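Enquirer: Before anything else, here's the structure in question.
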């Protein structure tokens, strides 16, 4: 709620879907937020396919608002699998897409951005589905301003014969597509800047994403602990406050907000289940930017 209020105060109009009796008291009187009431909500422990039988759940009502054109984008920090199923039901998929993928953007050490797809929507994927993620990821990277994005396939080695059966079967399919393929890529190479798009299934992608987040949090915590122990280091940290804040903004998942569900006929952002106020605000801003940038039209054109 605090994140939604902050987004509205920054100029992004927001509609909330849920129990009005719970939501309304949390909205400051001087903040204009519309509320669509429903008693039904998809829980994190619910089965994803169960959303089919819950047309009045907050998630599906929000997606239908996008489908009707009354809203430009939907944001959820709830059940990822349920969001995927609901988006397919209420928005439909773009022609040429078998399964949508969640794409998120991570910082690279060379200053560029790495698009990771899939980041968690599809834990089990066939090679053909991974190949479609390559097209979706490349189109998304193009929308970020990357010309002829380089597409890599996540593997445990760069040689063509590396990887499990899934990876070995996927690489030839991606190489046959009209995208700039650089082959198998290991995570360190991806973060050094050897590719712009990293393709993987949602199981590996989600673990990789959470590992990166955990590593970033650990480094920042260790740095903070060291600064507390040494007075001279505290002086240096005071002088480098602006740099340290900028670094935290680059590596913190909170500043990214969430991932875009690519391949459905509408803009959907899926945030963390443990999102903070900052993360929710960032997710709403990501949704607003993506809807303004005609991302879906670009994906449709690329797929055709």
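Numbering (my numbering), first residue to last: 27 to 330. All residues carry an ideal CB built from backbone N, CA and C; glycine is no exception. Keep in mind it's a predicted model, so treat the numbers as computed, not measured.
1) Are the Cβ atoms of residue 289 and residue 126 separated by less than 8 Å?
2) Is DSSP giving residue 148 helix, strand or coil here?
3) Whole beta strand (DSSP E) runs in the region 167 to 244 with 3 or more residues, listed along the chain?
4) For residue 74 and residue 107, what's the separation of their Cα atoms in angstroms?
5) Just mark residue 30 as buried or exposed, buried being the case when its beta carbon has 16 or more other beta carbons within 10 Å.
6) On the three-state DSSP scale, how would you describe residue 59?
7) For residue 37, which residues does DSSP report across the bridge?
8) State the Cα-Cα distance for the pair residue 94 and residue 248, rounded to the nearest angstrom.
9) So residue 95 is in the alpha helix (DSSP H); what residue range does that whole segment cover?
10) Kindly give me the distance between the Cβ atoms of residue 325 and residue 165, rounded to whole angstroms, as I take these residues to be in contact under 8 Å.
11) Does the region 141 to 161 come into contact with the region 112 to 131, if we say contact requires no fewer than three beta-carbon pairs (one atom in each stretch) closer than 8 Å?
12) Is the region 110 to 120 in contact with the region 195 to 208, if contact means three or more CB pairs nearer than 8 Å?
13) Please list the segments of the beta strand (DSSP E) lying wholly inside the region 280 to 309, counting only runs of 3 or more residues, in order along the chain.
14) For a test of the three-state rule: what should DSSP assign to residue 68, helix, strand or coil?
15) By how many angstroms is the C-alpha of residue 43 removed from the C-alpha of residue 36?
16) Can you give the Cα-Cα distance for residue 307 and residue 283, rounded to whole angstroms?
17) What are the boundary residues of the beta strand (DSSP E) that includes residue 129?
18) Residue 159: which of 174, 69, 134, 200 sits nearest, CA to CA?
19) When DSSP builds the beta bridges, which residues end up paired with residue 43?
20) Please confirm whether residue 235 and residue 145 have their CB atoms less than 8 Å apart.
21) Tell me the DSSP bridge mates of residue 329?
22) Answer with buried or exposed for residue 52, where buried requires no fewer than 16 other C-beta atoms within 10 angstroms of its C-beta.
Expert: Considering the structure as presented:
1) Going by C-beta atoms, residue 289 is nearer than 8 Å to residue 126.
2) The answer is coil: DSSP assigns residue 148 none of H, G, I, E or B.
3) With a minimum length of 3 residues, the continuous beta strand (DSSP E) runs that stay inside the region 167 to 244 are 176 to 180, 206 to 211, 223 to 225.
4) Cα-Cα distance, rounded: 5 Å.
5) With 16 or more other Cβ atoms inside 10 Å of its own Cβ, residue 30 counts as buried.
6) Of the three classes helix, strand and coil, the one that applies to residue 59 here is coil, per DSSP.
7) According to the DSSP secondary-structure assignment, residue 37 is paired through a beta bridge with no residue.
8) Taking C-alpha positions only, residue 94 is separated from residue 248 by approximately 49 Å.
9) From DSSP, residue 95 is part of no alpha helix (DSSP H); its letter is neither H nor E.
10) Going by Cβ atoms, the distance from residue 325 to residue 165 rounds to 5 Å, so yes, they are a contact pair.
11) By the Cβ criterion, the region 141 to 161 is in contact with the region 112 to 131, since at least three pairs of Cβ atoms, one from each stretch, lie closer than 8 Å.
12) With a cut-off of 8 Å, the region 195 to 208 and the region 110 to 120 do not count as touching, because too few Cβ pairs lie within range.
13) Segments of the beta strand (DSSP E) lying fully in the region 280 to 309: 284 to 288, 293 to 297.
14) Of the three classes helix, strand and coil, the one that applies to residue 68 here is coil, per DSSP.
15) If I take the Cα positions, the gap works out to 20 Å.
16) Here the alpha carbon of residue 307 sits roughly 7 Å from the alpha carbon of residue 283.
17) Element bounds for residue 129: 127 to 133.
18) It is 200.
19) Beta-bridge pairing links residue 43 to 62.
20) Annotated as proximal: residue 235 and residue 145, with beta-carbon spacing under 8 Å.
21) The partner list for residue 329 (beta bridge, DSSP) is empty, contrary to what the question assumes.
22) With fewer than 16 Cβ atoms within 10 Å of its Cβ, residue 52 is classed as exposed.
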